[in-house]
Each structure stands twice: as structure tokens, then as C-alpha cells.
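In my numbering, the protein residues as written are 7 to 210.
Glycine residues also receive a C-beta, built at the ideal position from the N, C-alpha and C atoms.
Notes to accompany the following structure.
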Ligand code: GRF
């Protein structure tokens with residue numbers, strides 16, 4: 007059974023969805039830690055309710071990003087996790103951490119990458135006028151939302167969509183897509199081949 011550590015900065019709905027899939031036996035793993043950069047993150051109370059250890063490195067308490075990431079890296083190593091998942095973790099992962107955990111760190115992004123990386127991607131999609139939007143689970147590399155893609159899910163964009171209504175529709179799919187990707191990792195079914203992620207058949 008794989009050990010999973012979750013990084014989150016805010017309300018933690020993706021974190022909760024992952025826990026629900028673990029508790030339902032749909033992911034062959036267990037959550038060993040919630041790591042956050044925000045001491046006020048709602049995800050903290052959610053983790054505590056589930057008895058999951060919480061590690062807080064409040065970003066604003068650090069003089070700079072380098073100091074913050076030094077502590078973050080040390081804590082990540084201490085968890086002993088096999089997989090790190092960024093579930094609404096709102097900071098760009100630095101090069102050292104990305105390289106240390108290459109191939110075992112995932113992020114979810116609320117857009118169909120490579121379209122609309124960065125912040126406010128749902129608004130970017132609406133403003134652009136796309137007819138289909140969605141979410142992407144990808145491995146983390148040193149770039150911005152640029153690592154190899156594991157799972158994508160699509161949703162329609164409706165004429166009367168607002169940023170909120172589109173975000174809600176995408177979020178439902180995020181909760182499904184993330185657990186799908188994590189389950190595949192925990193079953194050793196993901197193989198990275200350059201930019202591509204090959205999904206191996208069961209039991210190979
Ligand atoms: C999600 O839309 C995620 O894709 C984005 O931030 C949001 C976090 O939501 N990076 P939650 O904290 O998981 O509820």
C-alpha cells in the first residue's frame with residue numbers, strides 16, 4: 007500500500023475527495039500527511055477530523071521562498087511518502103523539490119492543459135470563448151503546469167456560464183480525475199515516456 011502526502015492551501019475539497027476514495031477502498035494507498043503553506047487552510051480542520059497528521063509551514067512567516075522551500079523539502083522527505091499530491095496547493099513548486107520528487111509528485115489544474123496554465127484558468131477559458139473546458143492531472147516538473155499529463159476530463163462550457171458555475175462543473179470532474187490518477191499510481195500502472203504517460207494494463 008502506497009503512502010500519500012497531500013499538499014493543499016485552501017478549502018481542500020480535492021483533498022476530501024481523495025480521502026473518500028481511499029476510505030472506499032478505491033485507492034490502494036493511505037494518506038500519511040497533509041502539508042500546507044497556510045495556517046488558516048480549511049483543509050487543516052478536515053485533516054484533523056480524519057486523524058491525519060498536519061504539517062504547517064506558513065509561507066508568510068518565511069523571509070523568502072528559498073527558506074520556505076528548504077523546510078518544505080525537509081518535511082516532505084520526513085513523511086516517507088511514495089507520492090505527493092498537490093490538491094489546490096497554490097504555489098509554484100521550486101526546481102529542487104520538483105527534481106527530488108520527479109515522477110512521484112502530481113498536481114491538478116482546472117483547465118485542459120496546455121491551454122490556460124497559471125491562475126484563474128476557468129476565467130481564461132470563458133474569456134477565450136472555448137466550448138469545452140475541463141481539468142488535468144499531471145506530474146509536476148520545474149515549469150508552470152507543464153509536466154506530463156496523466157488524466158484529463160472535459161465539461162461543456164454553456165453560453166450563460168459565469169466563472170463560478172464553470173468552476174463548479176470542472177471541480178466535480180477534478181474530484182474524479184485526481185483519484186483516478188492516484189489509484190493508477192498506487193497500482194504501479196503509470197509509466198513516463200518523455201512527455202507521455204503510458205497507462206499500463208492491470209497486473210503487469
Ligand atoms: C481547484 O480548482 C484546483 O484545481 C485549483 O484550486 C482549486 C482548489 O480547490 N488548483 P480545493 O481546495 O481542492 O477545494
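Residue pairing of residue 90 in beta bridges, as defined by DSSP: 11 and 111. Straight across, the Cα-Cα distance linking residue 83 with residue 9 is about 12 angstroms. DSSP places residue 27 inside the alpha helix (DSSP H), whose first and last residues are 19-29.
Excluding its 5 nearest sequence neighbours in each direction, residue 110 has C-beta neighbours in its own chain below 7 angstroms: 88, 89 and 90, listed in chain order.
Excluding five sequence positions before and after residue 160, the CB atoms of its chain that fall closer than 8 angstroms to its own CB belong to 118, 138, 139, 140 and 179, given in chain order. Selection 195, 202, 199 and 201 evaluated against residue 33 yields 195 as nearest (Cα-Cα). Look at residue 122 here: in three-state DSSP terms it is coil, with no helix or strand label.
Each residue's CA atom was taken as its position, placing residue 157 and residue 199 some 15 angstroms apart. Between residue 144 and residue 115, the C-beta spacing is below 8 angstroms. In the three-state reduction of the DSSP assignment, residue 33 falls in the coil class, being assigned neither a helical nor a strand state. Counting along the chain, the unbroken beta strand (DSSP E) around residue 144 starts and ends at 138-145. In the three-state scheme derived from DSSP, where H, G and I count as helix and E and B as strand, residue 103 is classed as helix.
Taking residue 183 as reference, the option from 192, 58, 142 and 203 with the minimal CA-CA separation is 142. Assigned with DSSP and collapsed to three states, residue 168 falls in coil, not helix or strand.
The Cβ atoms of residue 52 and residue 18 lie closer than 8 angstroms to each other. Relative to residue 56, the option among 190, 71, 21 and 79 whose CA is nearest is 21.
Short of 7 angstroms from the beta carbon of residue 25, and not among the five residues preceding or following it, lie these beta carbons of its own chain, in chain order: 37 and 56.
According to the DSSP assignment, residue 48 belongs to the alpha helix (DSSP H) that extends over 48-55. With respect to the C-alpha of residue 170, the residue from 150, 186, 152 and 131 having the closest C-alpha is 131. At a threshold of 7 angstroms, residue 169 does not count as near ligand 1, since its beta carbon sits no closer than that to any of the ligand's heavy atoms.
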